[in-house]
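Going by this note's numbering, 1133 is the number at position 86 of the sequence shown; the sequence numbering is gapless. Just so you know, even glycine gets a beta-carbon here, dropped at the ideal spot from N, CA and C. Keep in mind it's a predicted model, so treat the numbers as computed, not measured. Everything on this sheet refers to the single structure shown next.
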Amino acid sequence: MTLYGGMAVDAIGRAWFIVMILAACASCALAGSEFVHAKTVFQTNVHHDPRVAIAVDAVIVHRHADDPTRLVGSWRQAGFPVGRMFFADSDAGNIYWTGKWDGQEHPGDVERGRNGQVVLCAGVRPYMLPTEGWIRFLEENTVKSLDAGAAAILPEEPLAHVFSGYEDAFKPLWLERYGIPWRGQHENAEARWLTAQLKNELYIKLEKRLLDQTRHYAREHNREVGFVLPIHAMYSNVAAQLVAPLGTSVGIDGIDGYIGQIWTGPVNWALAHYDAPDKSFFASAYVLYDYFTQLTVETDRKLWLLVDPVEDNPNHTWAEF
């Protein structure tokens, strides 16, 4: 296993990148795109700029609400295989749920808590329920990314909140799945478990649909395209009351690998929810990294480990670590 050299940059108009290092795989001779064979990768939301173009094997572009053609093309022209990452769990740019995509607003597809409040990420974008409309929106994003020349598709953070389930679109899905009237997760332990189970299944469906779209496009255009899932570890998901198809994704044929998303935020979430006399930030981070190695052991799936020491929350500074 290779541990863990990297850096993050916050410059050039809030440009940023995150270094990822290929950590482990049972076989590094996977069929797939140039991206899948990359060992070092960084992630950015800006066009090619030599000031951030460090010597890596591939680049991930992660930017929303813009046509990806110029963004992907600028890095391809500089010689990098490019993967396209987009949020699978939240509506970046508030395009889908506000009706900018298809002319119809979709407030019922937004995750909501017990009092009807919208569940927001970073206070700016809503988390989404994997409805048919939301999946079709992401399928279109997939095709646009591939049309732009992306060598891999990376639907990030397919996850849901266990304390949600009060959105209008969830209730008929519950009835269809279980054959009983909907119950809020607050009512009892069984209702909470059933809510989590269904949301997990819906994200498995979403992953399969995006994978099928990617593979269909690759066949139609005689291209090799990778499909990689960027996900959090189970421990930080539990701490944040999230459910996600982690172990269950192992049963989906055709996924090329995972990005283990470990940074100071998820590590701190986990730290806040247990106590021990010898607990430490870096020991906890190691446990989260280890989760991903166990997820991929004895498989042909590749694993990139995120190396991102910068805290998203400005209240946590370098001195803390």
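Apart from the 5 residues on each side of it in sequence, residue 1315 has no Cβ closer than 6 angstroms to any other Cβ in its chain.
Residue burial is scored here from C-beta neighbours: residue 1091 has at least 16 other C-beta atoms within 10 angstroms and is therefore classed as buried.
Residue 1130 places its beta carbon less than 9 angstroms from that of residue 1105.
Rounded to the nearest angstrom, the gap between the Cα atoms of residue 1183 and residue 1366 is 44 angstroms.
For residue 1090, the three-state secondary structure derived from DSSP is strand. Taking all protein chains shown into account, residue 1240 has fewer than 16 neighbouring C-beta atoms within 10 Å of its C-beta and is therefore exposed. Annotation for residue 1191: the continuous alpha helix (DSSP H) segment containing it runs 1179 to 1194.
Setting aside the 5 residues that flank it on each side, residue 1251 is surrounded in the same chain by 1292, 1295, 1296 and 1299, each with a C-beta closer than 8 angstroms to its C-beta; the list follows chain order. By the neighbour-count criterion, in which 16 or more other beta carbons inside 10 Å mark a residue as buried, residue 1222 falls on the exposed side. Inter-segment contact for the region 1109 to 1117 and the region 1245 to 1259 is absent: fewer than three beta-carbon pairs are separated by less than 8 angstroms.
The C-beta of residue 1246 has 16 or more other C-beta atoms within 10 Å across all chains shown, which makes the residue buried. Under the three-state reduction of DSSP, residue 1203 is assigned to strand. With a contact defined as Cβ atoms closer than 8 angstroms, residue 1280 and residue 1335 qualify at about 4 angstroms. By the C-beta density criterion, residue 1188 is buried, having at least 16 other C-beta atoms within 10 angstroms. Across the set 1146, 1103, 1147 and 1136, the C-alpha of 1103 shows the shortest separation from the C-alpha of residue 1126. When 1261, 1248 and 1275 are compared, the shortest CA-CA separation from residue 1269 is found for 1261. In this structure residue 1200 is buried. Its beta-carbon is surrounded by 16 or more other beta-carbon atoms within 10 angstroms. The alpha-carbon of residue 1138 is positioned some 9 angstroms away from that of residue 1171. Here the C-alpha atom of residue 1122 lies approximately 7 angstroms from the C-alpha atom of residue 1094. In this structure residue 1128 is in contact with residue 1082, their Cβ atoms being roughly 5 angstroms apart against a cut-off of 8 angstroms.
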